[in-house]
Amino acid sequence: MRDILLVDMNAFFIMCESRRDRTLLEKPAAVAGDPKYRSGIILAANYEARKFGVKVTMTVNEAVKLCPNLVLVKPDHNYYEKCSKQVFELLYEYTPILEINSIDEAWMDVTNSKKLFGSPIDIAINIQNRLKDEMGLWCSIGVSENKFLAKMASEIKKPLGITQLYKSDIEENLWPMPVRNLYGIGKATSEKLNSYGIKTIGDLAGCELNYLVKKFGKYGLYLYYRSKGVDDDPVAAVDSKNLSCGRMETLAHDITDIRDAKKVMAILTESIARTIRAKQLGGSVVSIQIKYNTFKMINRQMRIEQTNLTKDIYNAACVLLENNWDEDKPVRLLGVTISSLNNNDMQLSLDSEVKDKEQKLENTIDKINDKYGQDIIKRGNIL
Amino acid sequence: MNFICTRKKLQEAVNSVSKAISNNPIMPVLGNIYIKVKDSQIIFRGYDLEIGIEHVEDAEVKEEGEVLVNSRLFSDIVRSLGEEEVEIFTEENKLVIISGNAIFNIRWLDTAAFPKLPDVEKDNKVTIKTEYLKNMIRNTIFSVSTNEQRLILTGALFESEENCFKMITLDSFRMSIRKEYILGNEELFKFVIPGKTLNELLKLITNDDEEIRIYYESTQVMFEFGNCKFISKLLQGDYFNYKAIIPKEFITKIEVNVNEFREIIERNMLVSDDGRKAPLILEINENILTANTQGEAGNVTETLYIKKEGKDMRIGFNAKYLLDAIKSINEEKVRISFMGETNACILTPQNSDEFLYLILPVRIAS
């Protein structure tokens, strides 16, 4: 049997902020988008704020109504990424087999770490205490035999929980939960399941495999096995080829003019191109996401020559925008993603000389921005 | 309209003109073959607005006239007929096709709606043997760009140079140049023919031993050979300044046996996933060339004795690009000159300048 931990940081963004400003610990506080605009939503709320009912994704207006003394902090993603790195570095001390799931969450395979660090529970206690004492950050840890159950376990007690959940416990602990709580089930699937009369994870576990596959295709397999607590997926650093890098932005007001959309794209593409340049990766599939004010979302993609230049990604994003823009549909969110990332051998092209110059220029811009602060050098197209 | 003709001639004519008829034409009328009977000849035409083909056959003409017939149906019928002579005539709104005991009645349309093929003035002419032209096309067409964003590179540049006829194609990663010396062509010319046109032309030229006359204007070109006239649009715009990218100085030059090298590349491609993923790495040490591919499925290493001048080096390639070039070389040996591991290399003959293949390497991840 494997020993898997899932470490999930509690209220991560706001806890990061509390490291810089200890006074936030005693007051209700939240990280939120610019409160002046309706796009301002709560990104993270501390536990003082949660006592008032403040929740993530609530608008700032709603939150302030519930908790008039709420301290709002503007998000600083660069800082959170830095903190996140420090957290993962600490986790790496216990095992090299670590899979980063998001900025504030990672799986660890500690099967072979027990001789050095004790039982999985000991390791979890140790990690939780060190994160709290050394970094001032809180986490919940799920302890189990596979990734799925570890994730489910981590959700059971927050904040500062350490929960074990093994296959033998699921009848008691997992099956009574509503299907919506099962990791990997979203709103749409849970509604669909409910409409078939499948309300709890236990109901799901009682379904025939054939039935689920007929209703959900390959995803049915996932549902069948997870509801029984089965997950053979190894904890592994994700293959870089399958990685992607993307950013989305909810706009301050709905837009219909493609020129505005292109400006937003310029900012977003700069940001993702910079991220992949820093990792020395290049990508070859660009996709854009458009969410209309009806909340309908579309995703369109195209293949380009492998690149990490802002200009190439921006041009592709603009082509996609132009092909899919509809002036009659106001847009509330835009996103762009570059995928098929790899750092493999690069076929040189006749345009390489030009490309090389651009590459050097963009690397220089990155360095200056790193040194003197974000966006000291801006592109003309976003002014 | 009424004529009698052999099935063989009909078949040839239909084969020719159908190269210019798309299965899914922009205008329905372009899905037809135009047939015109005049004097003692039948003229067949196909046209897709990019390429136009006219094919002429002799026939026993009883009555002149012209019709449009559905290309696919007419081709299928002609193909299905026996070796007997075929009689074709119009009867009110039916076209009657009689061969042996088979009698087809098919619909025909008025020719008025069929667009006229462009007229190409015969002022500017180049003549070349079909065999030479075919070889030039075959040995360069693979590096025509498929990227529609730079349309001009989706064609091949035809260019004159001191009694030479040159063809140049290039995509972003490689370039092919072929030269044929043809005496008596003093004309200076330079035009870009779409790659698609050349592919179709290649299929049309069946006789290697005749002259092909190329007439060109600023916007179109006509190839005249055998019974055929083949008209195509030219691509407009300035072609890439290809001479500027041909390196002049080299740090390493090697000479390899073409067949041996081709086999080595082919063996390396077996593990490289069609040459796309793992690069073929060439290492030159003294007089030994080591070719190596580290594919996901496995790896292969092979050595070859070579003649070398200059430094030892290590360079990676997309094996497919090397193979395309090497397959097009009809000589015993080839010279490969390198400028460095991140610069273009060129493949040239030992003692002439009949061809030049330029290939950009793959930068090997450190």
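Quick note, the sequences are listed as chains A and B, same order. Heads up: take any position in the first sequence, counting from 1, add 252, and you land on this note's numbering. Each step along the second sequence adds one to the number in this note's numbering, with nothing skipped, and position 349 is 339. Just so it is clear, CB atoms sit at the ideal spot from N, CA and C, and this is done for glycine as well.
Cβ-Cβ separation, residue j to residue i (assumed contact under 8 Å), whole Å
i, j, result
"M549 (chain A)", "Q541 (chain A)", "6 Å"
"L258 (chain A)", "I450 (chain A)", "About 25 Å separates the two Cβ atoms, so there is no contact after all."
"D198 (chain B)", "K301 (chain B)", "D198 (chain B) to K301 (chain B), Cβ: 44 Å. No contact."
"S162 (chain B)", "D485 (chain A)", "Rounded, the Cβ-Cβ distance is 39 Å, inconsistent with contact."
"K419 (chain A)", "G481 (chain A)", "5 Å"
"Y566 (chain A)", "M517 (chain A)", "6 Å"
"I278 (chain B)", "T293 (chain B)", "5 Å"
"N258 (chain B)", "T283 (chain B)", "4 Å"
"S135 (chain B)", "T144 (chain B)", "5 Å"
Residue i (DSSP reduced to helix, strand or coil)
i, result
"N114 (chain B)", "coil"
"N137 (chain B)", "coil"
"Y448 (chain A)", "coil"
"C335 (chain A)", "helix"
"F104 (chain B)", "coil"
"M261 (chain A)", "strand"
"I611 (chain A)", "Looking at the sequence shown, residue 611 (chain A) is not Ile but Gln. Q611 (chain A): helix per DSSP, three-state reduction."
"G413 (chain A)", "coil"
"L160 (chain B)", "strand"
"L585 (chain A)", "strand"
"P372 (chain A)", "helix"
"S601 (chain A)", "coil"
"R272 (chain A)", "helix"
"V312 (chain A)", "helix"
"G145 (chain B)", "strand"
"K630 (chain A)", "coil"
"D483 (chain A)", "coil"
"C570 (chain A)", "helix"
"S420 (chain A)", "helix"
"E407 (chain A)", "helix"
"A504 (chain A)", "strand"
"Y474 (chain A)", "helix"
"Q558 (chain A)", "strand"
"R254 (chain A)", "coil"
"M429 (chain A)", "coil"
"S523 (chain A)", "helix"
"G454 (chain A)", "helix"
Beta-carbon proximity check, residue i vs residue j, cutoff 8 Å
i, j, result
"L412 (chain A)", "N262 (chain A)", "yes"
"T159 (chain B)", "S150 (chain B)", "no"
"L350 (chain B)", "I336 (chain B)", "no"
"I33 (chain B)", "E44 (chain B)", "yes"
"E169 (chain B)", "E344 (chain B)", "This sequence places Lys at residue 169 (chain B); Glu is not what is there. Their beta carbons are under 8 Å apart, which means K169 (chain B) touches E344 (chain B) by this criterion."
"K297 (chain B)", "E245 (chain B)", "yes"
"M500 (chain A)", "G587 (chain A)", "yes"
"E333 (chain A)", "I349 (chain A)", "no"
"L389 (chain A)", "M267 (chain A)", "yes"
"L192 (chain B)", "S6 (chain B)", "no"
"D328 (chain A)", "L401 (chain A)", "no"
"I87 (chain B)", "I67 (chain B)", "yes"
"N398 (chain A)", "R254 (chain A)", "yes"
"F468 (chain A)", "L475 (chain A)", "yes"
"I255 (chain B)", "L348 (chain B)", "no"
"E47 (chain B)", "I(-6) (chain B)", "no"
"K223 (chain B)", "E40 (chain B)", "yes"
"F328 (chain B)", "T196 (chain B)", "no"
"S262 (chain B)", "L272 (chain B)", "no"
"A315 (chain A)", "V306 (chain A)", "yes"
"I620 (chain A)", "V537 (chain A)", "no"
Cross-strand partners of residue i (DSSP beta bridge)
i, result
"V76 (chain B)", "B:C(-5)"
"D578 (chain A)", "None, per the DSSP bridge assignment."
"N197 (chain B)", "N197 (chain B) pairs with nothing; no bridge assigned."
"S282 (chain A)", "Reading off the sequence shown, one finds Ala at residue 282 (chain A), where the question assumed Ser. Beta-bridge pairing links A282 (chain A) to A:A297 and A:L324."
"A358 (chain A)", "A:V259 and A:I352"
"L85 (chain B)", "B:T80 and B:I96"
"V306 (chain A)", "V306 (chain A) is not bridged to any residue."
"L225 (chain B)", "B:V182"
"N551 (chain A)", "A:Q541"
"G438 (chain A)", "BP columns for G438 (chain A) are empty, so no partner."
"F220 (chain B)", "B:I43 and B:F213"
Item checked: Complete runs of the beta strand (DSSP E) confined to the segment 238 to 278 of chain B [at least 3 residues] -> The segment 238 to 278 of chain B contains these whole beta strand (DSSP E) runs: 242 to 247 and 270 to 275.
Check: Which whole runs of the alpha helix (DSSP H) in the segment 0 to 74 of chain B are 4 residues long or more, in chain order?
Finding: If we require 4 residues or more, the alpha helix (DSSP H) runs fully inside the segment 0 to 74 of chain B come out as 61 to 70.
Next item on the list: Entirely within the segment 265 to 353 of chain B and at least 4 residues each: give me those alpha helix (DSSP H) ranges in chain order.
Entry: Fully enclosed alpha helix (DSSP H) runs of 4 or longer: 309 to 317.
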